[in-house]
Amino acid sequence: MAPQGRIALAQVNTTVGDFAGNAAKIRAVTERARADGAALVVFPELALCGYPPRDFLDLPEFLERAARTLAELAAPAEWSRGIAVVVGFPEGVPGAPPPGVYNSAALISEGRVVAVGRKSLLPTYDVFDETRYFLPSEASTAADAGGVGLRLGLSVCEDVWNDKRFWVHPRYARDPIAELVKAGGAGLVVNISASPYAMGKPALRERMLAASAAGHGAPIAYVNQVGGNDALIFDGGSMLVGRDGAILARAPLFEEVLLVADLATGASATVRLDGEKVAIDAGAADPEADEVHCALVLGVRDYVRKCGFRSAVVGLSGGIDSALTACLAADALGPENVLGVAMPSRYSSSHSREDAAALAENLGLPFKEISIEPMHAAFMAQLERAEGKPLGDLAEQNVQARIRGQILMAISNDTGGLVLSTGNKSELAVGYCTLYGDMAGGLAVIGDVPKTLVYRVSRAANARAGRTLIPERTFTKPPSAELKPGQVDQDSLPPYEILDDILEAYVEERLPLDAIVARGHAEPVVRRVLRMVVASEYKRRQAAPVLKVSEKAFGEGRRFPIAHGYRY
Numbered sequence: 013m014a015p016q017g018r019i020a021l022a023q024v025n026t027t028v029g030d031f032a033g034n035a036a037k038i039r040a041v042t043e044r045a046r047a048d049g050a051a052l053v054v055f056p057e058l059a060l061c062g063y064p065p066r067d068f069l070d071l072p073e074f075l076e077r078a079a080r081t082l083a084e085l086a087a088p089a090e091w092s093r094g095i096a097v098v099v100g101f102p103e104g105v106p107g108a109p110p111p112g113v114y115n116s117a118a119l120i121s122e123g124r125v126v127a128v129g130r131k132s133l134l135p136t137y138d139v140f141d142e143t144r145y146f147l148p149s150e151a152s153t154a155a156d157a158g159g160v161g162l163r164l165g166l167s168v169c170e171d172v173w174n175d176k177r178f179w180v181h182p183r184y185a186r187d188p189i190a191e192l193v194k195a196g197g198a199g200l201v202v203n204i205s206a207s208p209y210a211m212g213k214p215a216l217r218e219r220m221l222a223a224s225a226a227g228h229g230a231p232i233a234y235v236n237q238v239g240g241n242d243a244l245i246f247d248g249g250s251m252l253v254g255r256d257g258a259i260l261a262r263a264p265l266f267e268e269v270l271l272v273a274d275l276a277t278g279a280s281a282t283v284r285l286d287g288e289k290v291a292i293d294a295g296a297a298d299p300e301a302d303e304v305h306c307a308l309v310l311g312v313r314d315y316v317r318k319c320g321f322r323s324a325v326v327g328l329s330g331g332i333d334s335a336l337t338a339c340l341a342a343d344a345l346g347p348e349n350v351l352g353v354a355m356p357s358r359y360s361s362s363h364s365r366e367d368a369a370a371l372a373e374n375l376g377l378p379f380k381e382i383s384i385e386p387m388h389a390a391f392m393a394q395l396e397r398a399e400g401k402p403l404g405d406l407a408e409q410n411v412q413a414r415i416r417g418q419i420l421m422a423i424s425n426d427t428g429g430l431v432l433s434t435g436n437k438s439e440l441a442v443g444y445c446t447l448y449g450d451m452a453g454g455l456a457v458i459g460d461v462p463k464t465l466v467y468r469v470s471r472a473a474n475a476r477a478g479r480t481l482i483p484e485r486t487f488t489k490p491p492s493a494e495l496k497p498g499q500v501d502q503d504s505l506p507p508y509e510i511l512d513d514i515l516e517a518y519v520e521e522r523l524p525l526d527a528i529v530a531r532g533h534a535e536p537v538v539r540r541v542l543r544m545v546v547a548s549e550y551k552r553r554q555a556a557p558v559l560k561v562s563e564k565a566f567g568e569g570r571r572f573p574i575a576h577g578y579r580y
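Here the working numbering is used: the first residue of the sequence shown is 13, the next is one more, and so on.
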């Protein structure tokens, strides 16, 4: 049967554990979809409880709340009359072997759950650890869906990521989509997803879904979560794909929307929901940098607010990293809710102090300058008396960084603002950062952004504003921690263009040393960088959560031991 009727793809932002809030959003958006003439509305993976719930799934009470909330949603009510609803939920199964939970999609129609589709393929790579939490389904589920006029194939996220027509080496032996179409007779495959953002991933998803739809000869309605939960940023990008692989309708990235589409004609309309807008600049000179900017703004906003904070504190050094962090925070929270704090020492240049103040003025941030000189002098005098000698050069530098961390945390305790750490991925990779100093904070905003990309995203921030936010001198002066006279980063590190290429090859592409050398880098430099990366794992393990924008971010997606004997 040919697809017919109107469906709605509900690209919503849910909060983990907020059953009441998530259910209220599902009801409100369903009412809106029904008012727009949709016969079916589809919500993302685990929308009922929020994704990823992680070890909450080990709590029987959590699963009981999920079951009660689903039953309440499925009960006959005016808000759902005449429209079918597909919603993701954690399905606890009494008596099932551990972990005893399925990652499921419920099809609700006319006051009852008429079908449940369970996730078959459970990812265990990168940030995913789903075999820890879920049982894999051994069967695929298709069911009729009232006014849509055709059978729906219910699939969950990874189930659509195993098409042999797209991947040279599929990860799993099964193809659940083929099962839904061939054995289940599905005329429309519904895939509910919570697929985290990474650079290049929106285009990859589109190619994969197009190949799957064309290969199986069935249209796919793909609904992805939007918003940030912990370190993960979900970009949305929901879409309706025709049986020939053509994209019939597409939702924007990073925005909470309802995409209403006609299955027969492909005609669609996007309804923006109440969430704050983080829109891509369609005319951006550097689209990738602008996309990363939007992802980070969304990640900061949701992390801060979902953790119960209303404001943030950022240390402003006059350098590019703290400048970009402040720009992102101002966009995410409003400039009035971001306090910029400059903390100069005797080594701080006049231009750094000027640039920090100018940035705060350009952004409209509340701003204060607190000299660390008296505290630094007291620290050094006390430590010299205790040690019987002056501290070494590196120890003295780290004292300065830790004093600054203490100041920011004191302000945080006093005001309730969350400290945002400002270190970039290049620094975290090689340990060019101070524990309990510049690493202090509740969120590492640009901890997955290499230094070379920091400059590009900073340019994008200025371009989006249409005026100078970050002073031009901040872009052109040599990067420096300014912890001793005349210091620049390249005293300790290779040029960032070289360093970032080596790091990308090693961390993201996982290339061996000889292959990295073959890219044109000197072997002693590569060996030194790799040694720094390996030796700095203990620091990264103590870092704040890092917002993920690459395929391989530091944190939960890259799990190396701290104690080991592996050497370069």
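Beta carbons: idealized from backbone N, C-alpha and C, even for Gly.
Close-in-space but distant-in-sequence residues of the same chain around residue i (CB under 7 Å, 5 per side omitted)
i	result
Phe391	Val411 and Ile415
Trp91	Arg39, Thr42 and Glu43
Gly435	Asp333, Cys445, Asp450, Met451, Ala456 and Gly459
Tyr145	Leu69, Pro111 and Val113
Glu563	Ala210 and Glu520
Ala472	Ala296, Asp298, Ala301, Asp302 and His305
Gly227	Asp175 and Arg177
Phe586	The structure shown does not extend to residue 586, since the chain is modelled only from 13 through 580, so no value can be given for it.
C-alpha distance - residue i paired with residue j, whole-angstrom precision
i	j	result
Val325	Glu381	13 Å
Arg93	Val309	37 Å
Arg543	Glu520	16 Å
Ala215	Ile95	31 Å
Val172	Gly453	38 Å
Gly11	Asp242	The structure shown has nothing for residue 11, since the chain only spans 13 to 580.
Glu348	Ala83	42 Å
Arg284	Phe266	11 Å
Gly588	Val97	In the structure displayed, the chain extends from 13 to 580; residue 588 sits before or after that span and is not available.
Arg313	Leu559	11 Å
Val538	Tyr578	16 Å
The alpha helix (DSSP H) enclosing residue i, as first and last residue numbers
i	result
Pro208	Run containing Pro208: none; DSSP gives neither H nor E here.
Ser583	Since the first residue of the chain shown is 13 and the last is 580, residue 583 is not available in this structure.
Tyr550	Glu549 to Arg552
Gly10	Only positions 13 to 580 of the chain appear in this structure, which leaves residue 10 out of reach.
Val469	Lys463 to Ala477
Val316	Pro299 to Lys318
Contact set for residue i: own chain, Cβ-Cβ below 8 Å, skip 5 residues either direction
i	result
Pro109	Leu147
Asp286	Glu268
Lys176	Pro182 and Asp187
Ala338	Val326, Leu328, Val350, Gly352, Leu371, Ala372, Leu375 and Leu377
His363	Gly330, Arg485 and Lys489
Asp582	As shown, the chain starts at 13 and ends at 580. That puts residue 582 outside it, with no answer to give.
Classification of residue i by the beta-carbon crowding that lies within 10 angstroms, buried from 16 upward
i	result
Cys306	buried
Lys551	buried
Ala258	exposed
Asn425	exposed
Gly49	exposed
Ile574	exposed
Ser383	exposed
Lys289	exposed
Leu505	buried
Tyr137	exposed
Tyr518	buried
Thr480	exposed
Identified DSSP bridge partners for residue i
i	result
Asp156	Arg163
Glu381	Ala354
Tyr114	Glu103
Gln23	Val269
Gly429	Answer by DSSP bridge pairing: none, since Gly429 is not bridged.
Val128	Ala118
Asp274	Arg18
Ala422	DSSP, once it has assigned bridges, lists no residue as partnering Ala422.
Arg570	Gly567
Where the beta strand (DSSP E) through residue i begins and ends
i	result
Met2	The structure shown does not extend to residue 2, since the chain spans only 13 to 580, so no value can be given for it.
Pro102	Ala96 to Gly104
Ala233	Ile232 to Asn236
Ala261	Ile259 to Arg262
Asp138	Taken as a continuous stretch (DSSP letters only), Asp138 belongs to no beta strand (DSSP E), as it is neither H nor E.
Phe74	Looking at the DSSP string, Phe74 is not in any beta strand (DSSP E); the run it does join, the alpha helix (DSSP H), is Pro72 to Ala86.
Ile245	Leu244 to Asp247
Arg284	Ser280 to Arg284
Contacting residues, own chain, Cβ-Cβ under 6 Å from residue i (five flanking each side not counted)
i	result
Asp274	Arg18
Ala14	Its pLDDT being 48, under 50, Ala14 is placed unreliably by the model, and the measurement read from it follows with that caveat. Contacts found: none.
Thr26	Asn34, Ala59 and Gly62
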